[in-house]
DNA sequence: TTGCCTGCAAAGTATTTGCATAACA
DNA sequence: TGTTATGCAAATACTTTGCAGGCAA
């Protein structure tokens, strides 16, 4: 976990140095916060997480650093439709997509090679150069599914 | 084209009546505008389209009507990452996904049954109840791909 | 008539930008 | 020392909300 964070941080500082950009303490802090997060944090949640540890970083800086991280390819950007962006370190893991519970907001990841290949072929068939894609499945997770079924059986109609 | 619009409008007015909601002229205007659009209009483009025809509808009403249309299931909502929502009538067509050109913004639709089925199976494997999904492939359309290749060959490096 | 709708303007939310100051290389 | 970053606050862009007056059923 920590080694993954360190490795990614290393790649980020190298990315900055390569283009003569200063490696500031704020950039390192924000990068660390994203790399260490297991969830899919928002800009605000990252800033709050830092604040809780007594590390004060301005909002604009958080956003600007996240842009850099996305540009560097070390962080993926998502929009699950809650009105704000979410971020996620690429880490060494395979490309994966998301299942999103519309009830509790839980996000579960899944990988499927056949799916990935299929999308590249589809792009090709439409003379598109495939660069990236986004697959999101919305529904109910098992917990919420059970809760809904229970609520349903306690009522006669509707 | 017009018949499709009429059929959808009919379903929308029925939807409203079913829940005792007034069928106002503004609602009909907004609904017609969405149903008749071939593209993936935004709230603002719909309002402007109406304005051009001399039909003045308030911004809030446009948004409120679009919400109703989405709720009714007659309109699909998208977020292609340009900072605003886009809308699209479901019409009678099959479910389809989108290829989005990152250069010119062109959106091409495609359908693929195998893909649709695969996503339902994946949801099931993760004990999720599949409700809907979104698949977006980002890349370059053939036109922009050609333009990029031309630009590349006219320069030696970079 | 009654309840829901409409338009306006103000508020809200996430994100971006301008600018004086501060930190990195 | 010269860039480039930072933080603050103001600006932005889309969308939502509050409210007084106006229609649909």
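Chains as they are written, first to last, in the numbering used here: chain A, 562 to 719; chain B, 562 to 719. Where is the CB? At the ideal position from N, CA and C, for every residue including glycine. Bear in mind that the values here come from a model prediction, so they are computed numbers and not experimental data.
Exercise for review: Would you give the residue range spanned by the beta strand (DSSP E) that residue 638 of chain B belongs to?
Suggested key: 636–639
Exercise for review: Thinking residue 700 of chain A and residue 690 of chain B are a contact (beta carbons under 8 Å), I'd like their distance in whole angstroms, please.
Suggested key: 5 Å
Review point. Within the present structure, is the beta-carbon of residue 644 of chain A separated from the nearest heavy atom of the ligand PLP by less than 6 Å?
Key: Looking for the ligand PLP in the displayed structure turns up nothing, as the structure carries no ligands at all.
Review point. Using DSSP with H/G/I as helix, E/B as strand and the rest coil, what is residue 644 of chain B?
Key: coil
Point to revise | Whole-angstrom C-beta distance between residue 603 of chain B and residue 647 of chain B, which should lie under 8 Å | key: 6 Å
Point to revise | Secondary structure, alpha helix (DSSP H): runs of 4+ residues fully inside the segment 580–645 of chain A | key: 586–597, 604–613, 620–632
Check your understanding: Which class does residue 705 of chain A belong to by DSSP, given the choice of helix, strand or coil?
Key -> In the displayed model, residue 705 of chain A falls within a helix according to three-state DSSP.
Check your understanding: What are the boundary residues of the alpha helix (DSSP H) that includes residue 682 of chain B?
Key -> 674–686
Exercise for review: Using a Cβ-Cβ cut-off of less than 7 Å, give me the residues of the segment 677–707 of chain A that come near chain B, in sequence order.
Suggested key: 679, 680, 683, 684, 687, 688, 689, 690, 691, 692, 693, 694, 695, 696, 697, 698, 699, 700, 701, 702, 703, 706
Practice item. Figure out for me which residue from B/655, B/620, B/621, B/644 has the closest Cα to the Cα of residue 637 of chain B. Key: B/655
Point to revise | Assigned secondary structure, residue 671 of chain B (DSSP; H/G/I helix, E/B strand, else coil) | key: Here residue 671 of chain B sits in strand by DSSP.
Point to revise | Any C-beta of chain B under 7 Å from that of residue 640 of chain A | key: yes
Point to revise | Residues that residue 671 of chain A contacts on chain B, provided the C-beta gap is smaller than 7 Å | key: 683, 687
**Study point:** Candidates B/664, B/644, B/698, B/575, of which the one nearest residue 592 of chain B by Cα
**Key:** B/575
Exercise for review: Pick out whichever of B/664, B/686, B/631 has its Cα sitting closest to the Cα of residue 669 of chain A.
Suggested key: The residue with the shortest Cα to Cα distance from residue 669 of chain A is B/686.
Practice item. Please state if the CB of residue 618 of chain A and the CB of residue 587 of chain A are separated by a distance shorter than 7 Å. Key: yes
Review point. Looking at C-alpha atoms only, which residue of A/704, A/629, A/660 is the closest neighbour of residue 585 of chain A?
Key: A/629
Practice item. Between the Cα of residue 678 of chain B and those of A/692, A/698, A/651, spot the shortest distance and give me the residue it belongs to. Key: Among A/692, A/698, A/651, the Cα nearest to that of residue 678 of chain B belongs to A/698.
Review point. Apart from the five residues just before and just after residue 633 of chain B, which ones in its own chain have a Cβ nearer than 7 Å to its Cβ?
Key: 573, 576
Practice item. Compare the C-beta of residue 627 of chain A against all C-beta atoms of chain B and say whether one is closer than 7 Å. Key: no
Check your understanding: When you compare each of B/688, B/674, B/704, B/651 to residue 663 of chain B by their alpha carbons, which one comes out closest?
Key -> With distances taken between CA atoms, residue 663 of chain B lies nearest to B/704 out of B/688, B/674, B/704, B/651.
Review point. Is DSSP giving residue 692 of chain A helix, strand or coil here?
Key: strand
Review point. If you measure from the beta carbon of residue 630 of chain B to each beta carbon in chain A, is any gap under 7 Å?
Key: no
Point to revise | Alpha-carbon to alpha-carbon, residue 579 of chain B and residue 611 of chain B | key: Their Cα atoms are separated by approximately 27 Å.
Review point. Hey, is residue 660 of chain B's beta-carbon within less than 7 Å of any beta-carbon in chain A?
Key: yes
Check your understanding: Between which two residues does the beta strand (DSSP E) harbouring residue 665 of chain A extend?
Key -> No beta strand (DSSP E) holds residue 665 of chain A; DSSP gives it neither H nor E.
Point to revise | Members of the segment 583–598 of chain A near chain B, C-beta cut-off 7 Å | key: none
Practice item. Could you confirm whether any beta carbon from chain A is found closer than 7 Å to the beta carbon of residue 644 of chain B? Key: no
Review point. Thinking just about the alpha-carbon of each residue, which of A/570, A/607, A/675, A/694 is nearest to the one in residue 645 of chain A?
Key: A/607
Practice item. Give every residue of the same chain whose Cβ lies closer than 8 Å to the Cβ of residue 680 of chain B, excluding the five residues on either side of it in the sequence, and list them in chain order. Key: 691, 694, 696
Point to revise | Beta-carbon spacing of residue 635 of chain B, residue 582 of chain B below 7 Å | key: Going by C-beta atoms, residue 635 of chain B is not nearer than 7 Å to residue 582 of chain B.
Check your understanding: Which residue's Cα is closest to the Cα of residue 688 of chain B: A/626, A/622, A/623, A/707?
Key -> A/707
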